[in-house]
Amino acid sequence: MYPDHTPQRAVEVHQPTPIPPPVVHPAPVVPVQPGTVPAVASIVLPDGRVVTGYAIDHPQPQPVTGPPAVSHAAVNVALGGVGFLAVCGGLLLLTSFIAALTAFIGQLIILAAVIFGGWIAVQVLSGSGDRGGTTVKIRRATFKRNHFHG
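Quick note on numbering: the sequence shown equals residues 94 to 243 in the working numbering.
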C-alpha cells in the first residue's frame with residue numbers, strides 16, 4: 094500500500110445485553126354469569142410455548158347520541174338546490190330541443206307548399222292532355238234573332 098502508512102486495527106468488543114424476563118401482570122377477573130362457561134383459546138407462540146386462556150369480549154363503545162353535525166333542514170335545502178340546478182339544465186335543453194323541432198316542422202311545411210304549388214302550376218299551365226268533361230265542336234253555326242240554329 095503506502096510505505097509510510099501502517100494500518101491500525103481497532104478492535105471493538107460488544108457484549109450481549111441480557112433481556113430481563115417479562116413482567117407478568119395478573120389477568121383481570123372477568124365476571125361470568127352463572128351457568129355459562131366462556132370459550133377457552135390456545136395460542137402457540139413463535140418460540141413454541143402454548144398460552145391457554147379464556148376469550149374475552151371487549152366492550153363496544155356506545156354510539157354517540159348527540160345532535161348530528163349537520164341539520165336535516167340544511168341537507169334538504171342543499172339537495173333541493175342540486176335538484177333545481179339539474180331541472181334548470183334539463184329545461185334549457187328541452188326548450189332548445191322544442192325550438193329546433195319547431196324550426197324543422199316549419200321548414201317541412203314550406204317545402205311541402207313549394208312542391209305542391211309547383212305541381213299545381215304545372216297542371217294549370219300545361220296545355221296538353223285531356224282535361225275531362227264533354228267536348229262539343231261547333232263548325233258552322235248561325236245566330237238569327239238571338240236564336241241558335243245549328
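Cβ coordinates follow ideal geometry from the N, Cα and C atoms, glycine included.
Keep in mind it's a predicted model, so treat the numbers as computed, not measured.
Sequence-distant residues of the same chain with beta carbon closer than 8 Å to residue i, five excluded per side
i	result
VAL39	Only positions 94 to 243 of the chain appear in the structure, and residue 39 is not among them; the question remains open.
Enclosing beta strand (DSSP E) for residue i [first to last residue]
i	result
ALA134	133 to 137
GLY146	143 to 147
Per DSSP, the bridge partner or partners of residue i
i	result
ILE207	Reading the sequence as shown, one finds Val at residue 207 and not Ile. According to DSSP, which records beta bridges pairwise, VAL207 is partnered with nothing at all.
Own chain residues within Cβ distance below 7 Å of residue i, not counting five before or after
i	result
VAL168	none
Cutoff 6 Å; reference residue i; Cβ partners in own chain excluding five residues on either side
i	result
THR145	SER135
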